[in-house]
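Chemist:
Residue numbers (UniProt numbering): 1 to 82.
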């Protein structure tokens, strides 16, 4: 069984660690900004579901038809592959 590596406090503030933290912050910021931005940009066209789970919930809740939900799922899954 593998042990949990907690690390040392002084290793957490090395230059390479701080670079990694900043890189993680910037990449997450861009990812969230692009995702939320696209949802807002297309919300007036398709509802901005972006997530098949949201589409499923809306289809089950009767906000969209099942057939529309299926086509949204296909578009969302193809978009995630491309």
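Cβ coordinates follow ideal geometry from the N, Cα and C atoms, glycine included.
For residue 59, does the count of other Cβ atoms within 10 angstroms reach 16, so buried, or fall short, so exposed?
Modeler: Counting from 1 along the chain shown, the entry for residue 59 is found at position 59. Buried is the call here.
Chemist: In the structure shown, what three-state DSSP assignment does residue 44 receive?
Modeler: For the purposes of this step, residue 44 is taken as the residue at position 44 of the chain shown. Reduced to three states, the DSSP call for residue 44 is helix.
Chemist: Could you tell me whether the Cβ atoms of residue 50 and residue 37 are closer together than 8 Å?
Modeler: The residue labelled residue 50 in the question sits at position 50 within the chain shown. The residue labelled residue 37 in the question sits at position 37 within the chain shown. For residue 50 and residue 37, no; Cβs fall outside 8 Å.
Chemist: Under three-state DSSP, which class holds residue 32?
Modeler: Taking the chain shown and counting its residues from 1, the one referred to as residue 32 is at position 32. Reduced to three states, the DSSP call for residue 32 is helix.
Chemist: So what does DSSP say about residue 53, is it helix, strand or coil?
Modeler: One-based indexing of the chain shown puts residue 53 at position 53. Correct three-state label for residue 53: helix.
Chemist: Is residue 21 buried or exposed, if buried means 16 or more other CB atoms sit within 10 Å of its CB?
Modeler: Within the chain shown, residue 21 is the residue found at index 21, counting from 1. It counts as exposed.
Chemist: Please go through the same chain and pick out, in chain order, the residues whose beta-carbon is closer than 6 Å to the beta-carbon of residue 75, but skip the five residues on each side of it.
Modeler: Mapped onto the chain shown, residue 75 falls at position 75. The answer is none, since no qualifying residue turns up.
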